[in-house]
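Structure first, commentary second.
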Amino acid sequence: MKKPTICPRFEKAISLLSQKWTALIIYKLLLGTQRFSEIQSSIGISGKVLSERLKELEHLDIVKREVIPDTPVIIEYSLTEKGQSMEPILRTIENWSQAWIKSESELPTD
Numbered sequence: 001m002k003k004p005t006i007c008p009r010f011e012k013a014i015s016l017l018s019q020k021w022t023a024l025i026i027y028k029l030l031l032g033t034q035r036f037s038e039i040q041s042s043i044g045i046s047g048k049v050l051s052e053r054l055k056e057l058e059h060l061d062i063v064k065r066e067v068i069p070d071t072p073v074i075i076e077y078s079l080t081e082k083g084q085s086m087e088p089i090l091r092t093i094e095n096w097s098q099a100w101i102k103s104e105s106e107l108p109t110d
């Protein structure tokens, strides 16, 4: 039987965005430059996992890490042009979720 083929680039993109927390990190950074603690507290991710995801996104040239020499040192994260180009995708998902995903208050209670 012939194995179904899916565009490898599409498959990689879906794999990246479906990795837990990744899309939420990118979504948060759409608001602008953020510090580690701001991202962590706003989405409720552990420091270890956030650090791993940010390193991966930096390696993929989606996130830029900037060290500001101050006392103490300040580290800020922002989206690169490549990361910012994901905005229409995430906004479409956001719009879809508003139309089709029920909020906690809309769910039936037992």
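Position 70, counted from 1, in the sequence shown is what UniProt numbering calls 70; the numbers after and before it change by one each time, with no gaps. Even for Gly, the Cβ is constructed at its ideal location relative to N, Cα and C. Quick caveat, the model's predicted, so the values are computed rather than measured.
Under the DSSP assignment, K55 falls in the alpha helix (DSSP H) whose first and last residues are G47 to H59. Secondary structure at K64: strand, using DSSP grouped into helix, strand and coil.
The count of Cβ pairs closer than 8 Å, one atom from the region 96 to 104 and one from the region 24 to 33, stays below three, leaving the stretches out of contact. Between the alpha carbons of P8 and S15 lies a distance of about 10 Å. Proximity to K55 across T71, D70, G44 and L79 peaks at L79, based on C-alpha coordinates. If you look at E76, you'll find it in the beta strand (DSSP E) that goes I74 to L79.
In the three-state scheme derived from DSSP, where H, G and I count as helix and E and B as strand, Q34 is classed as strand. For E94, the enclosing alpha helix (DSSP H) stretches over residues E87 to W100. R65 sits exposed, since fewer than 16 C-beta atoms from the chains shown fall within 10 Å of its C-beta. Within its own chain, the residues whose Cβ lies closer than 8 Å to the Cβ of I62, once the five positions on either side in sequence are excluded, are I26, L79, T80, K82, G83 and M86, listed in chain order.
Here Q40 carries a helix assignment [DSSP, helix/strand/coil].
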